[in-house]
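A.B. asks:
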Amino acid sequence: MDNGMDNMLDMYLFETNSLLEQLDELLIEAEKAGDFTVDDVNEIFRIMHTVKGSSAMMEFNSLMQIAHHIEDLFFFIRENGLDSLESSHKSTLFDLMFRSTDLLRAEVSKVQNNEPLSDNVDSLTEEINSFLKKISKDNKDTAPENKKTAKPAAKESVKPAAAPVAVVDLDEVRMDLAECPDDNAAYFLRIFFDEGCGMENLRAFMLISSLKESGLEFNFYPSDVETNSQSSVSIIEKGFYLALDSREAADAAISQINNMNNLRSYELIQNVRAKSAVEEKAVEAASAPVNQENTTPANTPAASTGHQMPSKQNLISVNLAKLDNLVAIVGEIVITESMVTSSPEIQNMKNLDSFLKATRQLRKLTDDLQDIVMSLRMVPVSGVFQKMNRIVRDMKQKLKKDVRLTIVGENTEVDKSIVDSIGDPIMHIVRNSMDHGIEETAEERIKAGKNPQGEIILSASHTTNEVIISIRDDGRGVNPAGVLAKAKRNGILTKPESEYTQKEILSLLLAPGFSTNETVTEFSGRGVGMDVVKKNVEAIGGTITITSELGKGMCTTLKIPLTMAIVDGMEISVGKSVFTIPIANIRQSFKVKNEEVIYDTEGNEIIRCMNQFYPIIRIHRLYNIETEVTNIEDGILVWVESGDKSYCLFVDDLLGEQQVVVKPLPVYLNSFNIKDSGISGCTILGDGNISIILDVLNLYAAAHN
Amino acid sequence: MSAESTRTAMDGADNLTDFISDATEAMERYLTFRTDNLIFGVSTNYIIEIITNHVITAMPMMPNYVKGIINLRGQIVPIIDIRLRLGKPAIEYTSTTCVIVLNVDSVFIGIIVDAVEQVLDIDYSRISSVPASNREELVSGMISMPDNKVVLLLDCETLVNNS
Chain W
2 MDNGMDNMLD MYLFETNSLL EQLDELLIEA EKAGDFTVDD VNEIFRIMHT VKGSSAMMEF
62 NSLMQIAHHI EDLFFFIREN GLDSLESSHK STLFDLMFRS TDLLRAEVSK VQNNEPLSDN
122 VDSLTEEINS FLKKISKDNK DTAPENKKTA KPAAKESVKP AAAPVAVVDL DEVRMDLAEC
182 PDDNAAYFLR IFFDEGCGME NLRAFMLISS LKESGLEFNF YPSDVETNSQ SSVSIIEKGF
242 YLALDSREAA DAAISQINNM NNLRSYELIQ NVRAKSAVEE KAVEAASAPV NQENTTPANT
302 PAASTGHQMP SKQNLISVNL AKLDNLVAIV GEIVITESMV TSSPEIQNMK NLDSFLKATR
362 QLRKLTDDLQ DIVMSLRMVP VSGVFQKMNR IVRDMKQKLK KDVRLTIVGE NTEVDKSIVD
422 SIGDPIMHIV RNSMDHGIEE TAEERIKAGK NPQGEIILSA SHTTNEVIIS IRDDGRGVNP
482 AGVLAKAKRN GILTKPESEY TQKEILSLLL APGFSTNETV TEFSGRGVGM DVVKKNVEAI
542 GGTITITSEL GKGMCTTLKI PLTMAIVDGM EISVGKSVFT IPIANIRQSF KVKNEEVIYD
602 TEGNEIIRCM NQFYPIIRIH RLYNIETEVT NIEDGILVWV ESGDKSYCLF VDDLLGEQQV
662 VVKPLPVYLN SFNIKDSGIS GCTILGDGNI SIILDVLNLY AAAHN
Chain B
64 MSAESTRTAM DGADNLTDFI SDATEAMERY LTFRTDNLIF GVSTNYIIEI ITNHVITAMP
124 MMPNYVKGII NLRGQIVPII DIRLRLGKPA IEYTSTTCVI VLNVDSVFIG IIVDAVEQVL
184 DIDYSRISSV PASNREELVS GMISMPDNKV VLLLDCETLV NNS
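In the order they appear, the protein sequences are chains W and B. With the first letter of the first sequence counted as 1, position 639 gets the number 640 in the numbering used here; the numbers rise by one all the way through. With the first letter of the second sequence counted as 1, position 106 gets the number 169 in the numbering used here; the numbers rise by one all the way through.
#1: So leucine 670 of chain W contacts chain B; which residues on that side make the cut at Cβ distance below 8 Å?
#2: Closer than 7 Å, Cβ to Cβ, to anything on chain B: give me those residues from the region 317 to 333 of chain W, in chain order.
#3: Determine the direct distance from the alpha carbon of tyrosine 222 of chain W to that of valine 122 of chain W, and round the result to whole angstroms.
#4: Step through the CB atoms of chain B and report whether any lies within less than 8 Å of the CB of lysine 358 of chain W.
#5: Assign lysine 553 of chain W to one of three DSSP states: helix, strand, or coil.
#6: Between the C-alpha atoms of methionine 12 of chain W and glutamine 23 of chain W, what's the straight-line distance to the nearest angstrom?
#7: In or out: proline 161 of chain W buried (at least 16 other Cβ within 10 Å) or exposed?
#8: Taking all protein chains shown into account, do 16 or more other C-beta atoms lie within 10 angstroms of the C-beta of valine 755 of chain W, making it buried, or fewer, making it exposed?
#9: Counting along the chain, where does the alpha helix (DSSP H) carrying alanine 702 of chain W start and finish?
#10: What's the gap between the Cα of phenylalanine 76 of chain W and the Cα of proline 117 of chain W?
#11: Does the distance from the CB of isoleucine 626 of chain W to the CB of glycine 576 of chain W come in under 8 Å?
#12: Tell me where the alpha helix (DSSP H) around leucine 363 of chain W begins and ends.
#13: Curious, which full-length alpha helix (DSSP H) runs of at least 4 residues does the region 622 to 686 of chain W contain?
#14: Check whether the region 501 to 509 of chain W and the region 453 to 469 of chain W touch, using three or more Cβ-Cβ pairs below 8 Å as the test.
#15: Taking beta-carbon pairs under 8 Å, can you tell me which members of the region 604 to 630 of chain W lie near chain B?
#16: So is asparagine 690 of chain W in contact with chain B if we call contact Cβ pairs under 8 Å?
#17: Given that a residue counts as buried once 16 or more other Cβ atoms are within 10 Å of its Cβ, and exposed if not, what is lysine 323 of chain W?
#18: Grab the span of the beta strand (DSSP E) containing histidine 463 of chain W for me, first residue to last.
#19: Take phenylalanine 614 of chain W and list the residues in its own chain whose beta-carbon comes closer than 8 Å to its own, dropping the five residues that flank it on each side.
#20: Please report the Cβ distance between glycine 204 of chain B and serine 192 of chain B, rounded to the nearest whole angstrom; I am assuming they are in contact, meaning their Cβ atoms lie under 8 Å.
#21: With respect to the beta strand (DSSP E) encompassing asparagine 491 of chain W, which residues constitute its N-terminal and C-terminal limits?
#22: According to DSSP, what are the bridge partners of lysine 560 of chain W?
#23: Please list the partners that serine 681 of chain W has in chain B, where partner means a Cβ-to-Cβ separation under 8 Å.
#24: Would you say aspartate 218 of chain B reaches chain W, if we count a Cβ-Cβ gap shorter than 8 Å as a contact?
#25: Within 8 Å (strictly less), CB to CB, does valine 170 of chain B reach chain W?
#26: Between which residues of its own chain and isoleucine 584 of chain W is the CB-CB distance below 7 Å, once the five residues before and five after are set aside?
#27: Mind pulling the chain W residues with CB within less than 7 Å of glycine 137 of chain B?
#28: Return the CA-CA distance between isoleucine 237 of chain W and aspartate 252 of chain W, expressed in angstroms with no decimal places.
#29: Secondary structure at isoleucine 114 of chain B, three-state DSSP: helix, strand or coil?
#30: Return yes when the Cβ of tyrosine 267 of chain W is within less than 8 Å of the Cβ of phenylalanine 749 of chain W, no when it is not.
#31: State buried or exposed for valine 521 of chain W, treating a residue as buried only when at least 16 other CB atoms are found within 10 Å of its CB.
#32: Starting from serine 203 of chain B, trace the beta strand (DSSP E) both ways and give me its first and last residue.
#33: Is methionine 65 of chain W near the ligand FAD, with its Cβ less than 7 Å from a heavy atom?
#34: What span of residues does the alpha helix (DSSP H) with phenylalanine 95 of chain W cover, start to end?
#35: Using only alpha-carbon positions, find the residue among B:Val214, B:Ile119, B:Ser207 and B:Val170 that is nearest to threonine 221 of chain B.
#36: At which residues does the beta strand (DSSP E) containing threonine 602 of chain W begin and terminate?
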């Protein structure tokens with residue numbers, strides 16, 4: 002198998018997409034906090050720098066242009082400190098950033114779909130530029146004021162003595178500083194190389210390039226180290242100077258320098274001359290709590306909330322196809338193992354003690370292997386949930402509703418393929434809640450005795466074999482009368498209105514051809530309704546239920562199997578065919594006598610269990626399979642349940658419980674709507690034969706059409 | 064696995080001597096097979112293998128020509144009967160009946176045919192189109208052989224797309 006990641010384009014797309022995702026998350030967080038932290042600014046700068054670089058390399062001009070302008074913008078913000086921005090500017094900045102990321106994303110998806118890129122992104126870049134001009138002008142006007150008001154507390158807490166590296170009194174080195182006259186940097190880092198190590202200028206140059214590689218921006222003196230070998234003389238005598246803008250940069254540089262060879266000593270010098278020009282920054286830097294190695298600047302209290310970079314070294318990205326192959330092979334191993342250990346040849350042998358011991362060991366190992374392999378595919382749902390933040394934010398502005406999104410259990414892990422396919426359904430439901438659920442105005446909410454700010458709670462949790470995702474809002478709730486009237490108008494009622502129970506009314510919301518909003522809005526009600534959501538959720542083996550109380554809100558719950566690759570199944574036989582019913586769907590199986598079977602007016606068979614009546618579906622009749630077992634007393638009934646459907650299947654015999662590896666049905670058969678006939682997949686049994694996996698929910702529908 | 068005998072699609076190539084004309088760039092190898100006394104040709108580019116006596120697992124609620132699925136070394140392959148697909152009457156399977164497994168644009172499908180015949184090199188320029196008046200489904204072209212037999216070329220894309 003070839004390595005898909007070898008492809009440069011794949012690599013680029015992967016990298017850029019994950020960077021943009023990171024950026025989006027960061028922006029959402031920052032907007033929530035109402036401010037950028039210094040870390041945020043650095044991070045955005047770094048992301049844009051990388052995007053710009055790789056886009057330029059791939060010759061994606063539009064992407065490069067946008068990234069370049071944002072980089073410029075954030076370079077300015079970084080240089081001038083966040084406090085130079087007025088709050089009105091901040092909201093413009095957030096808006097501008099969101100629009101830029103949208104455009105970047107659109108361009109990337111164009112690359113992905115092999116479409117031509119927009120060759121003109123001037124409108125956005127000009128906007129960024131004019132914004133940059135605006136803030137840089139305003140900044141000059143308001144700078145002195147800002148300095149005084151913004152940071153009085155910080156000034157008092159200046160404790161330069163506590164710095165880990167002694168800050169030498171500036172007067173002592175003033176003479177030395179004559180070498181670097183026109184630099185306004187806040188700090189100088191004076192470096193001496195080992196005596197007699199030779200080629201000081203080249204060593205200095207290597208130092209520069211390695212620091213630059215790690216993303217630091219600085220000037221250095223003597224500045225001609227690369228070309229002028231005479232500069233080594235001055236480096237030996239006076240040391241090599243790095244001019245750094247901030248304390249953080251200096252600390253970062255020091256930690257790098259510490260790892261280098263041939264360095265004799267270094268000292269950190271605070272630049273008093275520069276202080277008047279960039280006083281604010283120096284103060285900010287010096288006020289940092291410096292007794293720890295990884296200093297956090299004092300003005301970044303919000304930086305602690307979850308969007309720091311995870312330690313990347315412990316993660317690798319693997320092509321999903323490779324992982325799928327691995328899962329498939331492990332599945333085969335599990336099957337082969339049971340083939341070997343239950344082989345009929347060894348059933349007749351004696352003295353199998355050591356063999357049995359070995360097979361037990363083997364089974365344990367294969368079980369472990371399987372667990373590990375399955376866990377490899379598990380990813381947290383946080384990625385999907387974070388995207389909802391963005392949707393809520395956008396809709397909040399468009400619809401002028403005040404809503405907050407609360408996320409619970411975002412670290413819940415589910416299979417990668419499931420994460421990919423729940424994004425759209427969740428998005429749809431969240432949009433519905435924003436659009437139709439939450440009241441139009443705050444007054445309406447106050448009148449109803451609720452918090453004026455609406456709330457949508459997105460939560461995920463685990464049960465043994467299911468993930469439960471619920472989307473709850475505290476809005477208007479569903480009006481049953483309205484739903485019924487609408488359903489009647491759309492002609493999807495199947496019985497008189499008065500006979501509908503609350504549960505049935507709510508399930509009408511999920512029926513095809515139903516949409517409660519009269520008017521089509523930008524976000525929801527585009528003709529695809531909740532029935533599509535239902536279909537998507539069911540396609541991954543999940544179920545969807547809605548509960549609601551008028552005036553109190555609505556809750557949509559998705560129950561999705563943890564993984565679809567391996568299921569515990571019950572093998573059953575009908576004639577010569579073997580079917581698998583997922584154990585999760587089976588409630589009970591039992592024999593019945595002829596007289597226990599009840600018939601309805603159309604002659605359909607009904608059975609009573611636990612004081613409830615359930616229809617019987619004969620698989621041999623439904624699937625037209627020849628079998629000798631047609632008398633209900635000869636076969637066995639399997640009571641199954643899925644979603645809101647509960648019924649009994651009549652089969653010839655139970656063959657036993659088995660873990661099976663689900664194989665998707667051949668693509669060719671999908672054109673016959675095979676999913677609608679109650680078959681979800683197939684599996685290969687230990688003897689090489691195929692067993693068909695039944696889909697309990699669709700089987701019921703198939704039997705009633 | 065049961066008595067599964069596999070032979071490669073190239074076996075028949077030995078029979079074929081007289082028909083190899085001057086090899087030009089527009090040549091393609093075709094496997095011919097017989098179904099209901101018609102001779103069909105299918106490009107060897109599509110062919111994975113030919114199998115016989117394979118256990119077919121029936122799939123319920125399918126059109127009659129979809130016979131079911133087989134387990135081909137861990138891969139699930141759907142099987143159709145080309146006779147029934149063309150609307151011809153079904154016959155009892157014989158010892159010459161076999162399944163040709165095709166891979167058409169990564170879609171795997173096995174077709175049940177009455178018998179396989181041989182492998183031919185066919186020159187593209189000699190393929191004539193099917194007369195419009197009696198256009199047959201699943202036939203993309205036809206070619207006449209020196210022995211006056213006519214080979215119908217199977218349209219594999221239509222076969223798998225199943226419109």
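C-beta: ideal position from N, C-alpha, C; glycine also. Treat the numbers as computed from the prediction; the structure is a model and nothing was measured.
C.D. replies: Let me spell this out:
#1: The CB of leucine 670 of chain W comes closer than 8 Å to the CB of Met122, Met125, Val129, Ile132 and Pro141 in chain B, given here in chain order.
#2: Answer set for the region 317 to 333 of chain W: Glu333.
#3: Between valine 122 of chain W and tyrosine 222 of chain W, the alpha-carbon positions lie close to 39 Å from each other.
#4: So, not an interface residue.
#5: The DSSP-derived three-state label of lysine 553 of chain W is coil.
#6: One alpha carbon belongs to methionine 12 of chain W, the other to glutamine 23 of chain W, and they sit about 16 Å apart.
#7: Reliability fails at proline 161 of chain W, whose pLDDT of 41 lies under 50, so the model's placement of it is uncertain and no value is given.
#8: Residue 755 of chain W cannot be examined here, being either before or after the span of chain W that is shown, 2 to 706.
#9: In this chain, the alpha helix (DSSP H) harbouring alanine 702 of chain W covers 697 to 704.
#10: C-alpha separation (whole angstroms): 30 Å.
#11: It is a contact, given that the beta carbons lie within the stated cut-off.
#12: Boundaries of the alpha helix (DSSP H) harbouring leucine 363 of chain W: 354 to 377, taken from the DSSP string.
#13: Those alpha helix (DSSP H) runs which fall completely within the region 622 to 686 of chain W and span 4+ residues are 668 to 671.
#14: No: the two stretches stay apart, fewer than three of their Cβ pairs being nearer than 8 Å.
#15: From the region 604 to 630 of chain W, only Leu623, Tyr624, Asn625 and Ile626 have a Cβ closer than 8 Å to chain B.
#16: It does: the Cβ of asparagine 690 of chain W has a partner Cβ on chain B nearer than 8 Å.
#17: Exposed, because fewer than 16 other Cβ atoms sit within 10 Å of the Cβ of lysine 323 of chain W.
#18: It spans 455 to 463 - the beta strand (DSSP E) in which histidine 463 of chain W sits, taken as one unbroken run.
#19: Taken in chain order, the residues that qualify are Ile599, Ile607 and Ile608.
#20: Taking the Cβ atoms as the reference, glycine 204 of chain B lies roughly 6 Å from serine 192 of chain B, within the contact range of under 8 Å.
#21: Counting along the chain, asparagine 491 of chain W falls outside any beta strand (DSSP E), and DSSP gives it neither H nor E.
#22: Answer is W:Ile469 and W:Thr544, bridged to lysine 560 of chain W.
#23: Neighbours of serine 681 of chain W on chain B: none; closest Cβ ~13 Å, over 8 Å.
#24: Closer than 8 Å: no.
#25: Taking a beta-carbon distance threshold of 8 Å, valine 170 of chain B counts as an interface residue toward chain W.
#26: Excluding sequence positions up to five before and after isoleucine 584 of chain W, its CB lies within less than 7 Å of the CB of Asp569, Gly570, Met571 and Glu658, all in the same chain and listed in chain order.
#27: Those are Glu333 and Ile685, listed as they occur along chain W.
#28: Using only the alpha carbons, I get a separation of about 23 Å.
#29: Under the three-state reduction of DSSP, isoleucine 114 of chain B is assigned to strand.
#30: Because chain W is modelled from 2 through 706, residue 749 of chain W falls outside the range shown and cannot be assessed.
#31: In this prediction, valine 521 of chain W has a pLDDT of 47, which is less than 50 and means its spatial position is unreliable; what the coordinates show is noted afterwards. Result: exposed.
#32: Per DSSP, serine 203 of chain B belongs to the beta strand (DSSP E) from 202 to 207.
#33: Absent from the structure shown: the ligand FAD. Ligands present: none.
#34: Phenylalanine 95 of chain W: member of the alpha helix (DSSP H) spanning 88 to 113, first to last residue.
#35: A check of alpha carbon separations from threonine 221 of chain B across B:Val214, B:Ile119, B:Ser207 and B:Val170 identifies B:Val170 as the nearest.
#36: Counting along the chain, threonine 602 of chain W falls outside any beta strand (DSSP E), and DSSP gives it neither H nor E.
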